[in-house]
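S.K.: Got a structure for you, questions after.
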Ligand SMILES: C[S@@+](CC[C@H](N)C(=O)[O-])C[C@H]1O[C@@H](n2cnc3c(N)ncnc32)[C@H](O)[C@@H]1O
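Encoded structure:
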């Protein structure tokens, strides 16, 4: 798809349904997997924790499709440190504003480690792990997310099949996720294993 020049930020962006992103679509391929697994949450109070929000692509999807109840919310953990050349923060803010649901969004500009240090308890319905792709960090994010996920809640781990070449440390999320699944097999039901891994927490 051709890019246009953003009217005020002067960077080239894709216009996808009126939302502007400098990057490719990160959501559409997953929707057919997500929809049946998350359908029970639509229209009910639901809280999503998202680790890694970038320009808001996935957050916009959650807001428009899953978090439809007035009391639903999303907490976005995003340090915005990627690069100075791309205005990730500005695009995130603009895209969230366009949804009309800014009131449901709590943005914490910090790393997941800093978030988890300060937040020991949690009852999240869905946790989307899409932050660092470094194996060691993915390992920590998975373990911490399990701690904060409610019984019956869902954890989505992205980039399980990402080629290590593209991962931050040339190892990537896969071994970390495999170890997490093995170590917690009594606590988890695997709902999907493909490019992403999706699990349900089955114990308190
Ligand atoms: C693949 S992008 C997220 C894409 C987003 N979920 C979407 O679909 O639109 C990964 C993001 O994780 C963020 N990130 C990297 N390390 C992180 C960490 N330790 N904690 C939280 N976020 C992190 C990066 O700044 C980047 O914006």
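Numbering (my numbering), first residue to last: 314 to 517. Where a beta carbon is used, it is the ideal one built from N, C-alpha and C, also for glycine. Owing to the predicted nature of the structure, the values given are computational and were not obtained by experimental measurement.
The alpha helix (DSSP H) spanning residue 406 covers which residue range?
M.R.: Taken as a continuous stretch (DSSP letters only), the alpha helix (DSSP H) holding residue 406 covers 401-412.
S.K.: Which residues in the same chain as residue 390 place their Cβ atom closer than 8 angstroms to its Cβ, once the five residues preceding and following it in sequence are excluded?
M.R.: Same-chain partners within the cutoff: 362, 363, 364, 365, 366, 421, 423, 424, 425, 428, 444.
S.K.: Report the start-end ranges of each beta strand (DSSP E) in the stretch 422-505 that is 3 residues or longer and not cut off at the edges.
M.R.: Qualifying beta strand (DSSP E) stretches, in chain order: 437-442, 462-470.
S.K.: Where does residue 508 fall in DSSP's three states?
M.R.: Of the three classes helix, strand and coil, the one that applies to residue 508 here is coil, per DSSP.
S.K.: Skipping 5 residues on each side, what residues in its chain have a beta carbon closer than 8 angstroms to that of residue 350?
M.R.: Same-chain partners within the cutoff: 467, 504, 505, 511.
S.K.: Find the nearest neighbour of residue 508 within the set 337, 514, 472, 458, judged by alpha-carbon distance.
M.R.: Of 337, 514, 472, 458, the residue nearest in Cα terms is 472.
S.K.: Between 434, 453, 392, which lies nearest to residue 496 when the distance is taken from Cα to Cα?
M.R.: Taking only the C-alpha atoms, the option nearest residue 496 is 453.
S.K.: Compute the Euclidean distance between the alpha carbons of residue 419 and residue 406, then round it to the nearest angstrom.
M.R.: Their backbone Cα atoms lie some 11 angstroms apart in a straight line.
S.K.: Taking residue 359 as the reference, which of 417, 493, 392 has the closest Cα?
M.R.: Comparing Cα positions, the closest option is 417.
S.K.: Judging by CA-CA distance, which residue of 373, 502, 457, 491 is the nearest neighbour of residue 465?
M.R.: When each option's Cα is compared against that of residue 465, the closest is 502.
S.K.: Could you work out which residue in 345, 458, 368, 316 is closest to residue 411 when comparing CA atoms only?
M.R.: Closest by alpha carbon: 368.
S.K.: Using a Cβ-based criterion (distance less than 8 angstroms to any ligand heavy atom), does residue 372 qualify as near ligand 1?
M.R.: Yes - ligand 1 has a heavy atom lying nearer than 8 angstroms to the Cβ of residue 372.
S.K.: Going by C-alpha distance, which of 347, 500, 451, 402 is nearest residue 392?
M.R.: Comparing Cα positions, the closest option is 402.
S.K.: Measure from the alpha carbon of residue 522 to the alpha carbon of each residue in 451, 320, 446, then state which is nearest.
M.R.: Residue 522 cannot be examined here, being either before or after the span of the chain that is shown, 314 to 517.
S.K.: Look at the alpha carbon of residue 483 and the alpha carbon of residue 434, and state the distance between them as a whole number of angstroms.
M.R.: Near 32 angstroms, if we compare the C-alpha coordinates of residue 434 and residue 483.
S.K.: CB-CB under 7 angstroms to residue 326, same chain, minus the five flanking residues each way: which ones, in chain order?
M.R.: The answer, listed in chain order, is 316, 317, 319, 333, 334, 335.
S.K.: Going straight from the alpha carbon of residue 373 to that of residue 449, what length do you get?
M.R.: The straight-line gap from Cα to Cα measures roughly 28 angstroms.
S.K.: Quick check: residue 322 and residue 400, are their CB atoms within less than 9 angstroms of each other?
M.R.: Against a cut-off of 9 angstroms, the Cβ pair of residue 400 and residue 322 comes out as a contact.
S.K.: When you compare the CB positions of residue 437 and residue 404, do they come within less than 9 angstroms of one another, or not?
M.R.: Not a contact, by the Cβ cut-off of 9 angstroms.
S.K.: Classify residue 417 as helix, strand or coil using the three-state DSSP reduction.
M.R.: In the structure shown, residue 417 sits in a helix (DSSP, three-state: H, G or I).
S.K.: Taking the alpha-carbon positions, what's the residue 500 to residue 514 distance?
M.R.: Straight-line Cα distance between these residues: approximately 6 angstroms.
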